[in-house]
Amino acid sequence: MSEPATPVTFPPAFLWGAATSAYQIEGAVREDGRTPSVWDTFSHTPGRTADGDTGDIAVDHYHRYREDVALMAELGLTAYRFSVSWSRVQPTGRGPAVQRGLDFYRRLVDELLAHGIKPAITLYHWDLPQELEDAGGWPERDVAFRFAEYARIVGEALGDRVEQWITLNEPWCSAFLGYGSGVHAPGRTDAAASLRAAHHLNLAHGLGASALRSVMPSRNTVAVSLNSSVVRTVSQDPADLAAGRKIDDLANGVFHGPMLHGAYPETLLAATSSVSDWSHVLDGDLAVINQPLDALGLNYYTPTLVSAAGEASPSGPRPDGHGASPYSPWPGADDVTFHRTPGERTEMGWTIDPSGLYELIMRYTREAPRLPLYVTENGAAYDDKPDPDGRVHDPERIAYLHAHLSAVRRALADGADVRGYYLWSLMDNFEWAYGYGKRFGAVYVDYATLARIPKSSAHWYGRAARTGTLPPVDA
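First residue of the sequence shown: 1, per full-length UniProt numbering; consecutive thereafter.
Right under this line is the structure:
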């Protein structure tokens, strides 16, 4: 008889959360003063999203937030990470706030606190006000200063009740998928513009962090969420290692270099010299970006496998992981080949590899040894459907969560300071260019009726949250 597995148990203060973003769940896109963001414009442009889906209604969280918070509490979540819609608070991206827009987030925060759930606010999750894009968007320097004004407004309104703050979510996607490959809003394909956008997002982070700290209690924490890549090479050949370094710079160093160390990697500047002279980096910018952080958020889904230029795997994914495009989100990396990673896959086509999450956590434990870490996104899309009895069973997601949370626990045992985990996502929602065809939620949403049905993974995760111990996969 085999010995029972040792329980996977987490520290008592560990946060068990779920995450969402405004445009993916709120709906109510024309209510209470809100004006279009780049994602409203993009999703209403024919051919940009699957089946022409938009976030006009999404899952109607704007009107159903009380129901959704009650569901979180019923499941046992202790934290909830959500984003604020910039154009709901500041419709033109500049000027005074619309209090009706802020009032929604005041009500949401109060509801969370009343249920004992710790709110964590992300200020920017890709939904730039369209008027700012019309003025040039993230490739223009002014947007970073507009972001700082917006950060101050939201910090003043909610800083007395919300302790955890995140400036930007996955700025890599905003810069390189939005302005490089064009598969995300605003859908531009300009490699030089994508590098300018990356720098101005970095600058916005630094200015926004300073703005938040100028108006909030000192007990509050300021962080950023990066979708840092775990970059692996097909061999240890020097040419393959050089390709890996190039992609690591473009995926990771372009953001954590200035944010954590006050400088862009020299290898990044050299690799992109044919695309940009980096003259958009002005004196003093790096000092502004290099604000001391209180924590770092890590978003992880799948590793990246590369080699020097050659023939790619026959069915290898595009390097952006977000669908077909004739453009590359990797400026200056035309001599790099991306390969299909081995292993089981989710409905996104992404390889399931929890060792990558462990690897990522340990990297940043070395990169920033005194910085607390949070897994601010991790999850999987599956083709979930209700059974005839109306229940939704998703054993694949339970196995996924067990494996990835076990990787987090292994990192804790090896000295990493991981304070919490935010499952992506609380519920099925508008999955950007994929529309409603990919379901990441622990809670199933019937898009015809908007009814919420907790999947078996939601109940499994809730038991983990209430006990601090991972239930068996077949529980």
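Note that the Cβ used here is the ideal one computed from N, Cα and C, for glycine as well.
Terminal residues of the beta strand (DSSP E) in which residue i lies
i    : result
Q164 : 164-169
V8   : Premise fails: V8 is in no beta strand (DSSP E) and is neither H nor E.
V306 : 304-308
Beta carbon of residue i nearer than 8 angstroms to that of residue j
i           : j    : result
Y422        : Y364 : no
Y105        : L123 : no
S21         : H125 : yes
A79         : W424 : no
L401        : S457 : yes
G257        : A287 : no
G137        : L128 : yes
R245        : T304 : no
D160        : T221 : no
V473        : L71  : no
H280        : H205 : no
V215        : R141 : no
Y300        : N378 : yes
L412        : V8   : no
A50         : A433 : yes
residue 478 : Q99  : The question about residue 478 has no answer here: the residues shown for the chain are numbered 1 through 475.
T346        : A399 : no
D394        : D384 : yes
P46         : G55  : no
S87         : T35  : yes
Given residue i as reference, the closest of the options once Cα atoms are compared
i           : options                : result
V254        : V288, A175, I153       : A175
residue 482 : W350, A309, G349, I361 : Given that the chain is displayed from residue 1 to residue 475, the structure contains no residue 482 and the question cannot be resolved.
Q164        : M72, E149, V230, I117  : I117
T92         : L132, V473, E67, D68   : L132
G462        : S225, L15, W330, S276  : L15
L275        : S328, W350, T9         : The question names Leu, but residue 275 in the sequence shown is Val. Of the listed residues, the one whose Cα sits closest to V275 is S328.
G332        : S194, T376, T35        : S194
R219        : E431, Y23, V162, L450  : V162
R64         : W39, E26, R391         : E26
A451        : E156, N429, H459       : N429
V183        : Y264, W39, V445        : W39
A5          : P454, F42, S406, I453  : S406
G178        : L203, G208, P139, Y358 : P139
G415        : Y447, R366, E396, L250 : R366
P354        : D68, S43, R397         : R397
V408        : L102, G441, L298       : L298
L201        : F147, E111, T449       : F147
E359        : H404, D389, S307, P11  : H404
A157        : V143, C173, I121, L426 : I121
R410        : F440, G437, L357       : L357
Simplified DSSP state of residue i, which is helix, strand or coil
i    : result
N202 : helix
A13  : coil
G323 : With a pLDDT of only 35 at G323, under the threshold of 50, the placement of this residue in the model should not be trusted, and no figure is reported.
I57  : coil
R100 : helix
H280 : coil
Y179 : helix
V473 : coil
T92  : coil
P454 : strand
T467 : helix
H339 : strand
K33  : It should be noted that the sequence gives Gly, not Lys, for residue 33. Three-state DSSP puts G33 in coil, outside helix and strand.
R370 : coil
A442 : coil
R213 : helix
A448 : coil
V69  : helix
R345 : strand
V275 : coil
S2   : Low confidence applies to S2: its pLDDT is 46, below 50, so where it sits in the model is not reliable enough to give any reading.
A28  : coil
A192 : helix
A197 : helix
A263 : coil
A50  : helix
A251 : helix
Host alpha helix (DSSP H) of residue i (start-end)
i    : result
L360 : 354-367
Y80  : Careful: Y80 lies outside any alpha helix (DSSP H), inside the beta strand (DSSP E) at 79-83.
T267 : 266-271
A41  : Just to set this straight, residue 41 is Thr in the shown sequence, not Ala. Run containing T41: 38-43, per the alpha helix (DSSP H) assignment.
L296 : Not the alpha helix (DSSP H): L296 falls in the beta strand (DSSP E), residues 296-299.
A287 : 285-289
A22  : 22-25
Quick check for students: name the residue ranges of the beta strand (DSSP E) that lie wholly in the segment 223-247, counting only runs of 3 or more.
Entirely contained in the segment 223-247, the beta strand (DSSP E) runs reaching 3 residues are, in chain order, 231-233.
Complete beta strand (DSSP E) runs within the segment 378-440 (minimum length 3 residues, chain order)
If we require 3 residues or more, the beta strand (DSSP E) runs fully inside the segment 378-440 come out as 418-424.
Which runs of the alpha helix (DSSP H) spanning at least 4 residues fall entirely within the segment 107-168, listed in chain order?
With a minimum length of 4 residues, the continuous alpha helix (DSSP H) runs that stay inside the segment 107-168 are 130-134, 142-158.
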